Structures are given as C-alpha cells and as structure tokens.
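Visitor: Residue numbers for the sequence shown follow this note's numbering, so the first one is 203 and each next one is one higher.
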Amino acid sequence: MQNARPRSHRRSAAVLSAVLAVLLTAPAQAASARSASTRTVSAGTVSAGTAAVRTAGPLADAFARAAETYDVPRDLLVALAYAETHLDGHGGEPSASGGYGVMHLVSNPTARVLERAAELTGQPAAALRENDAANIRGGAAVLRSHADALGLDAAARKDAGRWYRAVAEYGNASGPETARLYADTVYDLLGSGVRATVAGGEVVTVPPTEVRADRGPHEGLREAAPPPASPDHPGARWVAAHAGNRTAAGRPGTHRIDRVVVHVTQGAYAGAISWFQNPAARVSAHYVVRSSDGRITQTVRDRDVAWHAGNWSYNTRSIGIEHEGFVGDASWFTDAMYRASAALTRAVCDKYGIPKDRAHIIGHDQVPGATHSDPGSKWDWARYMRYVTGNTAPWSATVDNSTSGAFTASANWSSASTAGRHGPDHRRARPATSSDVARYRFAVPSAGTYRVEVWYPAAPGHNSAAPYVVATSSGSRTVHVDQRTGGGAWRSIGAFALRRGTHDTVGVSRWTSGKGLVVADAVRLTRL
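1) Helix, strand or coil: which one does DSSP assign to residue 476?
2) Is residue 526 closer than 8 Å to residue 493 when the C-beta atoms are compared?
3) By a C-beta neighbour count over all protein chains shown, 10 Å radius and 16 as the cutoff for buried, is residue 373 buried or exposed?
4) Determine the direct distance from the alpha carbon of residue 618 to that of residue 438, and round the result to whole angstroms.
5) Mapping the DSSP letters down to three states, classify residue 698 as helix, strand or coil.
6) Using 8 Å as the threshold, is the C-beta distance between residue 523 and residue 572 below it?
7) By how many angstroms is the C-alpha of residue 323 removed from the C-alpha of residue 432?
8) How close, in whole Å, do the beta carbons of residue 365 and residue 278 come, if the pair is a contact with beta carbons under 8 Å?
9) Grab me the residues of residue 454's own chain with a C-beta within less than 7 Å of its C-beta, minus the 5 sequence neighbours each way, in chain order.
10) What residue from 302, 462, 509 and 666 has the CA that sits closest to residue 449's CA?
11) So which of 363, 539 and 660 has the shortest CA-CA distance to residue 719?
12) To the nearest angstrom, how far is the alpha carbon of residue 726 from that of residue 710?
13) Where do the ends of the alpha helix (DSSP H) carrying residue 260 lie?
14) Alpha carbon to alpha carbon, how far is residue 461 from residue 544? Give it in angstroms, no decimals.
15) Which residue from 637, 655 and 612 puts its Cα closest to that of residue 624?
16) Under the rule that 16 or more other beta-carbon atoms within 10 Å means buried, what is residue 515, buried or exposed?
17) If the criterion is Cβ atoms closer than 8 Å, does the pair residue 191 and residue 578 meet it?
18) Counting pairs of beta carbons, one from the region 593–611 and one from the region 670–678, are three or more of them closer than 8 Å?
19) For residue 444, which residues of its own chain have a beta-carbon under 6 Å away from its beta-carbon, when the five flanking residues on both sides are left out?
20) Could you say if the region 259–269 and the region 330–338 meet the contact criterion of at least three C-beta pairs nearer than 8 Å?
21) At 4 residues or longer, and completely inside the region 628–711: list those alpha helix (DSSP H) runs for me, N to C.
22) Could you say if the region 336–349 and the region 294–311 meet the contact criterion of at least three C-beta pairs nearer than 8 Å?
23) At a threshold of 7 Å, does residue 280 count as lining the ligand PLP (C-beta to nearest heavy atom)?
24) I'd like to check one pair, residue 652 with residue 697: are the Cβ atoms closer than 8 Å?
25) Measuring only the C-alpha atoms, how far is residue 582 from residue 730?
26) Would you kindly work out how many angstroms separate the C-alpha atoms of residue 622 and residue 690, rounded to a whole number?
27) Which word fits residue 680, buried or exposed, when buried means at least 16 other C-beta atoms lie within 10 angstroms of its C-beta?
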C-alpha cells in the first residue's frame, strides 16, 4: 500500500463424533476418535468433544476482564482480535488503515473507532494505542455499543450467535458484502478454535464453540447469485476499488507490464478490501490474497493502474499483489497463501511475458524510493519462487460422487443435479438420527499433512450443519459445514494429518441436528 505503514450441546456432540469415527475408520482408531473435536465453517453448528485448556497470562486475563466488564462473550472477543491482528499489538504502531493494537481500533478520516473507544472507556487515546489491556477493553466497549444499538438485551448477549451483526459493524466495512466477509471470518475462527502464542510465550486459546450465527439482513447477500468472478484471474473474486484510488488505463497498450510487486497488507483481508473501497485511502492493489486458505480478490483490473508502489513509474508498469498479514509475524504467511499467490504471479507472468525471476518479481521494499519494508524478512522468497516457477507442484486428488470405485453411499442418498454441482450430479439425503455415511476413498501417497476441500451446490434447502468426517492419523475429526452458502467452489475445511494408504478418508454423514438436505458432491485432498 502507498500510505504510511510500520512495519486472524457438547456431550451429545462428543458422542456423535465418536460414533462417526467408528463408522469411518478402522476399529483400532475408534478409541482415539472418541475425543475428536467437531467444528463449523461459516457459522453452522460447532461443538467440541473436549474443551481446550486456556493458559493463564496477562493477555488472557485482559480478555476475560474486558468480556466480564462489558458483557461480551469472551471467546468471540478473542476470535475477533485474532482475525484482526493474530493478537499482536505491534508496539502501538498503526496498520495500513490506521488501526491500533490487538483489537485494531481504527482512527482515520472516515472511521473514528479509537476515539469512540476512548469516550466509552474514559481511557486516553495513547493508552488505547499502546497498552494491550486498555486496547482490549476499548474493543469490548465498542463491540458492546454496537450490540446495544441493535437492541441485544442481557439474555441475547449470552448467545454468541446473536452478536453477528455487531461484529459486522465492528469491521467498518465499506459495504454489506464486505461486512459479511468480515463477520464470517470471525465466526469461522470461533467455530474452528484459536490457539495463539503471544509475547512472552503465553498461549491464548478458544475451544471450538457451538454457535449458530444470526446473520439478520446479511443472510442471503451471497445466495441470490454467486460472487462476481474476477475479470482477469479465474477463481478469484471481484470487488472494485474506489475509482478515486486507481487510474483508468489501457495496459499493456498504454504501458508495458514487466513487474509484479509483492506487498503485505498490514491488516486483515476484509479490512484491506474495504480500505481500497474508501475514497480517503488513496491506495489500492490489483489483488489481495487471504492468509487462511489463499482466497484471492481482485480490486483493480490488470489494464488499469493501481496505486500501490509509491512510485508512479512502477505503478504504471506493474501488477500489485497484497497478502493478508503483518510483516513481523510469519504466522500469517501460510502455505495456502504462498501457493495461491504464486499461481497468480505465474499466470500474470505468462500473460504479459514477464520473466519469472527476482529481478522482475520484487518486494515493495525494492521499489526505488520505497519507504516500506514489506514483505519483510519473514516472507519466504525461496519457497515463493519455487512455487512461481512450478518446480514443486503438490500432490492432489479429487473424488467426485460419480468417481467409480472411490465413492460409496447407500440407496438413501438420491441423485440430483442442483446448479453449482461439481460434476454431472450430486447426492443428497434427509438428516437422520442414525449413521449413514457417504464415503470418499483416496490412495494417500504418504503420511503427512493434507488440505481437505469440499465442493457442494449451495441452496436454501440444503443443510445448515452437514457433518464431514475426516479420518486423521490420530482419529476422526468432524467438521460441520453450512451448505446453504459458499457452494459452487472448492472450500477448505482444514488441514489434517493423514496416514499413508488407500482408505475411506472423508465421509459425509446424515446424523446432524441441522435442518435441510445433506449433500455429498466432491472432495479434494492436497499435500502440504
């Protein structure tokens, strides 16, 4: 970016998880599966077989005190902070959009969250910027103020799902779609759980939590039609930056494109997209890549000039790619992010004839006259360039419900052809309080960690908490997915340690309290 920058009911759920583990995995694995946890992606129902232990320490204590003072769910508060900063206050220095501290209290020309926090807590702005405990209190106070404005009474405040709209407001998004993206990110974390090691070695955790988000007016924003596709990069999504933050052009006819510039957002994914839509920002990039799963959003057309390099000549001749995170924290730079970004860079280089070398794929810190340090010393250039040049393509395999010999399901799973399916058809079945698992069999080449992605057509009549069961090397893990939303594309449900061999690796069960038809379509494994 061009602006100044300094430098994410339990007993019954446990029983269900254990039963599913027995059904999917060998008997020898069933005992360990009984303690497996379950979680939800994008605000379905999430349960934990065993609660994680929270390690005591000053940051954990600060979250607990702030949550109690302002009657905010403690785990929701931590999940929101992790989505914003990975619980790193960055020494009181601002993010790219002017956000401070663990809770990312924003102070910029269009959002005065820091000032509002000072008003609500009686704390000076300097303390809210620099002191973690004060900053967390400020964030809790602001979140509570949004809840009050929405009319949440004491009973409603006990239900984390009822806070969805308050979380969406907290993100200061530029529009309702970006607000939903922000809130869904927080609720994904609340569902999957958080474990963060912070300064001094303290560990702050959130156990996977049973929650059903009440999206209110945000429900259905992305169900009427799929998100607009990126005009220039297949698989990416399109959210246009404000016209005042870019320059219309006709590249490469008007300007030759011969560079890719790698950036780090100094903030969260949804926040960066929203900031580019803010006319006060005076900054943009062509693409933004998400940390958790490598999702890409395009905000400026390749043909146009994004304002990202701080050098007009380099702006006119380059494609700018922002990566979610902070330069001093390597935890943001996931393998999924590296691979997705590298595939994007490789495609850009092939399209415009850019050599795939470090003279033409550069960091923001290499731009002449640059005042920025991104992507910083934590960015693994060697790995990134290996991925860009295509020398380390990961093993990957897909099983569709139509794949002969690799998919099995009972006659209760009928065939259907809902729009957005992966192949010629998909399977669906009504929920039942008995086991009936549709199984996906893979020949896993070696023991290791694999990303598991699922594909299903989304529809209002599909299940709100469809159980996907993964046979890991230490037992089964169950992930509940809201199949009413987010379909028609590959969707990561996590990374799991798998054993070598040919076996039923993933299953979809009918045993769920969620409403609607359970869908079994396609599953993809990728070696990490």
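Glycine included, C-beta positions come from ideal geometry on N, C-alpha and C. Bear in mind the structure is a predicted one, so any value in this text is a computation, not a measurement.
Guide: With the structure as the only source:
1) Shown here, residue 476 sits in a helix according to DSSP, grouped into three states.
2) In terms of Cβ geometry, residue 493 and residue 526 form a close pair [threshold 8 Å].
3) Flag for residue 373 reads buried.
4) Straight-line spacing of the CA atoms in residue 438 and residue 618 works out to 27 Å.
5) Strand, per DSSP.
6) Annotated as distal: residue 523 and residue 572, with beta-carbon spacing of 8 Å or more.
7) Cα to Cα, residue 432 sits roughly 43 Å from residue 323.
8) Indeed, because the Cβ distance is near 6 Å, the residues count as touching under 8 Å.
9) Taken in chain order, the residues that qualify are 554.
10) Answer by Cα proximity: 509.
11) Of the candidates 363, 539 and 660, the one whose C-alpha sits nearest the C-alpha of residue 719 is 660.
12) Residue 726 and residue 710 have their C-alpha atoms some 14 Å from each other.
13) 260–272 is the span of the alpha helix (DSSP H), which, as asked, contains residue 260.
14) When rounded, the distance between both Cα atoms is 14 Å.
15) Considering only 637, 655 and 612, the residue with the shortest C-alpha distance to residue 624 is 655.
16) Exposed: under 16 other Cβ atoms inside 10 Å.
17) Nothing can be reported for residue 191: it is not among the residues displayed for the chain, which extend from 203 to 730.
18) With a cut-off of 8 Å, the region 670–678 and the region 593–611 do not count as touching, because too few Cβ pairs lie within range.
19) Beyond the five residues adjoining it in sequence on each side, residue 444 comes within less than 6 Å, by CB distance, of 479 and 481 in the same chain, given in chain order.
20) With three or more CB-CB distances shorter than 8 Å, the region 259–269 counts as touching the region 330–338.
21) DSSP runs (the alpha helix (DSSP H)) wholly in the region 628–711: none.
22) At 8 Å Cβ cutoff, the stretches touch.
23) No copy of the ligand PLP appears in this structure; indeed no ligand is present at all.
24) The answer is yes: Cβ separation under 8 Å.
25) Taking the straight line joining both Cα atoms gives about 16 Å.
26) If you take the alpha carbons of residue 622 and residue 690, they lie about 4 Å apart.
27) Buried.
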